[in-house]
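**Q** The sequence shown runs 601 to 836 under my numbering. The beta-carbon is built from N, C-alpha and C at its ideal position, and this holds for glycine as well. None of these values were measured; they are calculated from a predicted model.
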Amino acid sequence: MTSDRRPVTAGTRAMGTTTGAPAAPSAGDTLSAALRAGTRAEHETAERSAFVEHLVAGRLDVAAYADLAAQQLAVYTALEAAGDRLRAAGGDAGLVLDELRRVPAIEDDLGHLYGARWRDRVRTLPATAAYVSRLEEVAGLPAYAAHAYTRYLGDLSGGQVLQRVLQRHHGLTGPGVTFYDFPRIHRLKPFKDVYRERLDALPLTADERAAVVEEARVAFRLNQAMFADLGAVHVR
């Protein structure tokens with residue numbers, strides 16, 4: 601996201617979250633505009649997380665990033681299982697795309713970060729478990745759209761910055777940070793534009809659109825809680 605984004609901090613960009621806008625949406629705004637506007641407060645809270653700020657500044661070690669990757673595995677496993685169920689039912693509205701699938705890349709990264717027995721070493725923090733439970737509860741549209749918007753468009757935007765931060769501070773190139781690579785998407789901005797167009801084309805009532813925005817707020821709060829758990833472990 602470039603042309604429709606307000607200025608954001610390095611912490612915002614690096615954690616791969618979507619951005620807010622300064623004004624509340626009017627009735628004629630698109631869903632993507634309503635999502636940007638409606639999640640502004642939650643977004644700003646997430647970007648001020650101590651874990652985010654320390655990670656972006658290079659004050660945390662690779663173990664902290666590895667722990668984040670482990671939490672991401674739990675979240676994306678639940679999100680992508682929900683997407684698979686939605687697509688199998690024929691109701692995904694073109695929002696579930698193989699080009700976006702993150703779980704295989706995260707598993708590869710964890711193998712590099714923790715070693716061959718990584719499954720025995722990773723743990724799921726309490727806030728992450730709550731996030732997973734929420735994703736399992738709201739598997740269908742329109743709630744899925746809120747979580748897909750929050751996660752995937754963030755990965756395609758701020759996630760790219762975080763990858764460069766990790767490369768600069770920890771020398772991680774390729775293995776370890778392939779989560780942020782999208783080899784099947786050759787041009788990120790046009791892809792994001794199309795994805796937002798699909799969100800905007802969802803045939804939602806006013807109440808359903810409001811529910812999507814509220815669920816995106818929930819997604820941001822769940823992310824913030826996950827960062828807080830990570831901060832409690834890694835920020836000194």
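Roughly how many whole angstroms lie between the Cα atoms of residue 692 and residue 657?
**A** 38 Å
**Q** Can you grab the Cα-Cα spacing for the pair residue 792 / residue 754, in whole Å?
**A** 10 Å
**Q** Does the Cβ of residue 742 have 16 or more other Cβ atoms within 10 Å, making it buried, or fewer, making it exposed?
**A** Buried, by the Cβ-count rule.
**Q** Return the CA-CA distance between residue 676 and residue 702, expressed in angstroms with no decimal places.
**A** 7 Å
**Q** Considering Cα atoms alone, identify which of 740, 811, 633, 725 is closest to residue 679.
**A** 740
**Q** Give me, in chain order, the residues of the same chain whose beta-carbon lies closer than 6 Å to that of residue 773; leave out the 5 immediate sequence neighbours on both sides.
**A** 767
**Q** Taking 6 Å as the limit between beta carbons, can you name the residues of its chain near residue 722, skipping five residues before and five after?
**A** 670
**Q** Could you say which of 750, 813, 777, 801 lies nearest to residue 763 if we only look at CA atoms?
**A** Minimum Cα distance to residue 763 is reached at 777.
**Q** Cβ atoms of residue 634 and residue 813: under 8 Å apart, would you say?
**A** Yes, the Cβ-Cβ distance between residue 813 and residue 634 is below 8 Å.
**Q** Below 8 Å, can you find three or more Cβ-Cβ pairs linking the region 809-826 to the region 727-739?
**A** yes
**Q** Please report the distance separating the alpha-carbon of residue 749 from that of residue 771.
**A** 30 Å
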